Amino acid sequence: MRLSKIALILLLGVATLLSVAMPTRAQTELQATLETENDFPRALIFRVEVDAPTTLTEARLYFRPEASEFWNSIPVTIEPGAHIEAEYEWFTKNQVLPPNLKLEYYWRFRDAEGNTYTTQHEWVEYLDIRFDWKRLGDEKVTIMWYDGDEAWGRAMYETARQAIDALEQELGATLDHPIRIVAYANGSDFRSAFPPQQDWIGGQAFPDMGITVQIIGAGEYDWMQRVIPHEISHLVFHQALKDALATPPAWFNEGLAMYNEPGDFGEEERSRLRNAAKNGELLSLSRLQGNFGADSHEVNLAYIQSWGMVDFLIRDCGKDGLRRIIAELNNDVTMDEALQRACGYDQATLYERWLREDLGVEPPTSPAGESEPSPTSTPNPPPESAPSSEPEPPTGLISPLLLTCIWGVCCLSILAFLSFTLAIFFWRRGRTQA
């Protein structure tokens, strides 16, 4: 009887511990009125009006591009109160941002006790409002244009969709986020959407945001059928390497994009490369690792050399080898290590073999004063190092539940230990009395 009473007391004690779980701060969804104002290209203005059941003291705006997994977190000053009207003006005039960017956003508030209140999520498109945009797309790609009829838009869409299907198979990857292609009719319209830049730039890709902005005038079929697969390659390539911690060298990225352009690449490009070799103009491997620079002649040569290396790599190592390289890069290894595992050689060997076997020339020597760095990939900074960027905070249901489970396991462990101790105690007592 006494043992039963003690066990009952222990059970009641554990139940009390479970009911007094560790205190958690409440996180409540708050219905609010969310608005935006488009002042492209100067600014995008976010506004919110909310009535809360308590006095709110802090406010933050969260927003992210459609294809990004990381949220920009912006503190916004407010006057403490239960009724809040807040505004944040995102100045974009001097930022290189793609027009027609689609953003997801919401607001989060905090009261004096640390409780948080989150509004519903909304979407906004930061459109270049100077033009009347048409659009055509599906769950994988959307084409936006203003110059040309529906037939022209469908031709661009079908070219993009075919390129995506081919690249997913070629790279062994599947798109996780939709792609958006924005087509300007001419260079003047295109350049006016961005801060000042070199006149020879004919397009901009934003892989982190899943969008590319290009100059594609209505009826320019030959150019359209080249530039869209090229730009799609960059965007699919970026998503194919979603688990990689290292940035692949520029020659691999740009070479693949050139390789995926339709058309008769081959002897003409190799002839240009042989002439560059004779004139001592070939770029060293180190020059093909990162940004190709601003000199249009060198940039053009870098693109052709990158295509040549990728073309040789695929002929030598095969399409399966290419997929193995992508898979290895997603295992957090450098480009050299991925090449070694997939094809049996590193970048330097690939570069030298390509020149000797494909072009019949010797590798160029680095100019005086230029050292040949180890051609390894440069790690991407973690998301936390990006300005005002952080993952979305957890919802208010997961954390308290997890903590309660942990607390419950601890209490049950204590109960088991005490029960075992009492059992040993009474067993020994019984033997002593006997």
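Sequence positions in the sequence shown follow mature numbering (1 follows the signal peptide of the UniProt record, and there is no 0) and run -26 to -1, 1 to 408.
Here a beta-carbon is modelled for each residue, glycine too, at the ideal position from N, C-alpha and C.
These numbers come from a predicted model, not from an experiment.
- Taking a 10 Å sphere around the C-beta of Arg330, we find fewer than 16 other C-beta atoms and assign the residue as exposed.
- Under the DSSP assignment, Pro27 falls in the beta strand (DSSP E) whose first and last residues are 17 to 39.
- By the CB criterion at 8 Å, Asp102 and Asn74 fall inside the cutoff.
- DSSP assignment within the region 149 to 174 yields the following whole beta strand (DSSP E) runs of 3 residues or more, N-terminal first: 153 to 158.
- Contact between the region 268 to 287 and the region 130 to 143 is absent: fewer than three C-beta pairs spanning the two stretches fall below 8 Å.
- Closest option to Val201, judged by alpha-carbon separation, among His212, Thr186, Ala214, Ile288: Thr186.
- A contact between stretches requires three or more CB pairs, one per stretch, nearer than 8 Å, and the region 245 to 257 meets this requirement with the region 322 to 336.
- When the beta-carbon positions are compared, Thr93 and Arg84 stay at least 8 Å from each other.
- Distance check between Asn160 and each of Gly184, Trp119, His208, Ala140 places Trp119 closest, using alpha-carbon atoms only.
- Residue environment for Gly229: buried (at least 16 other C-beta atoms within 10 angstroms of its C-beta).
- DSSP places Val70 in the coil class of the three-state scheme, outside both helix and strand.
- If you draw a 10 Å sphere on the C-beta of Val70, you find fewer than 16 other C-beta atoms in it, and that means exposed.
- Excluding residues up to 5 positions away in sequence, Tyr120 lie with their Cβ nearer than 6 Å to the Cβ of Phe105 in the same chain.
- Here the alpha carbon of Tyr319 sits roughly 17 Å from the alpha carbon of Ser260.
- Taken atom to atom, the span from the alpha-carbon of Glu9 to that of Arg21 is near 5 Å.
- For Lys252, the enclosing alpha helix (DSSP H) covers residues 241 to 252.
- Under the three-pair Cβ rule at 8 Å, the region 23 to 32 counts as touching the region 53 to 61.
- Rounded to whole angstroms, the gap between the alpha carbons of Glu96 and Glu78 is 6 Å.
- Remark: C-beta atoms of Ala218 and Leu149 do not approach each other more closely than 8 Å.
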